[in-house]
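Student: My questions will all concern the structure given below.
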Amino acid sequence: MNSSDIADLLSHPRVIETRDHLHHSVPKHDHMLRVARYAYYLAPILGADQRTATRAGILHDLDSRLGTLTTHGAIAAQVAAELGEPTAVSQAIVSHMYPFGPRPTTREGWVLVVADKIASFTDLTAFVGGLFTGRSIRVRRRLCVTDPFYAARIGRRPHRRLMRQLQQTFSRI
Ligand SMILES: [Fe+2]
Ligand SMILES: [Fe+2]
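Under our numbering, read the sequence shown as residues 2 to 174, first letter to last.
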């Protein structure tokens, strides 16, 4: 992949922070980078604009926690627009969950649908592969602490909060 298409986005705080967010049991950054990579290679095959599809890939799940399976595409599309991306990028993002959500209206949208499905499968295989070494569990535990969505849930459950305090205590020993 030619990273220069997304170099500015890779160094953007909204993208960097996703290294600490949980998505499909892996860091969300891993997932979004996979989608960007697959979109980059799929775009010429499907006759789509490569740069648009790749940029949509690296942004497509931002703030996904604020929506549902069918609505988070619209939320991420709005975030992309707020970051100054052109309409074509948001259009590609909004329908990436198809058939759970709106049908794509552009070639780049179809690229995102396919890239996201392949990446989700790759996330799963990476997670299962990491179970054998213990890496997947370690990463998941870390992300459950660093992801604000999970941290908030843990804060509402006393036994989880206690477990988290114990984990932090023992990690310092
Ligand atoms: Fe998504
Ligand atoms: Fe995704």
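Note that the Cβ used here is the ideal one computed from N, Cα and C, for glycine as well.
Whole angstroms are fine: how far does the CA of V36 sit from the CA of A49?
Tutor: Roughly 15 angstroms separates the two Cα atoms.
Student: State yes or no: is the C-beta of K6 nearer than 6 angstroms to some heavy atom of ligand 2?
Tutor: The question names Lys, but residue 6 is Asp in the sequence shown. No, since every heavy atom of ligand 2 falls outside the 6 angstroms radius drawn around the Cβ of D6.
Student: Measure the C-alpha to C-alpha separation of P45 and Q168 and round it to an integer number of angstroms.
Tutor: Distance between the alpha carbons of P45 and Q168 is about 47 angstroms.
Student: Whether or not the segment 137-146 and the segment 14-34 are in contact is what I'm after, with contact meaning three or more pairs of Cβ atoms, one per stretch, closer than 8 angstroms; do they touch?
Tutor: The answer is yes - the segment 137-146 touches the segment 14-34, with three or more Cβ pairs under 8 angstroms.
Student: What does the Cβ neighbour count give for D117, buried or exposed, with the cut at 16 atoms within 10 Å?
Tutor: Counting Cβ neighbours within 10 Å, D117 comes out buried, since at least 16 surround it.
Student: Quick one: grab the DSSP three-state call for P176.
Tutor: As shown, the chain starts at 2 and ends at 174. That puts residue 176 outside it, with no answer to give.
Student: List the whole-angstrom C-beta distance separating G58 from A81, where the pair is believed to meet the contact cut-off of C-beta under 8 angstroms.
Tutor: With a Cβ gap of about 11 angstroms, G58 and A81 do not count as contacting.
Student: In whole angstroms, what separates the C-alpha of S91 from that of T170?
Tutor: Approximately 43 angstroms between the Cα atoms of the pair.
Student: For H13, name the three-state secondary structure that DSSP assigns.
Tutor: The answer is coil: DSSP assigns H13 none of H, G, I, E or B.
Student: Who pairs with V27 in a beta bridge, going by DSSP?
Tutor: Its beta-bridge partners are H24.
Student: Looking at ligand 1, does it come within less than 6 angstroms of D62, judged from the CB to the closest heavy atom?
Tutor: True, at least one ligand heavy atom lies under 6 angstroms from that Cβ.
Student: Among residues of its own chain, excluding the 5 on either side of L60, which ones have a beta-carbon nearer than 6 angstroms to its beta-carbon?
Tutor: Excluding residues within five positions, the ones whose Cβ falls inside 6 angstroms are A81.
Student: Relative to the C-alpha of H97, which residue among S121, E86, G85 is closest?
Tutor: When each option's Cα is compared against that of H97, the closest is S121.
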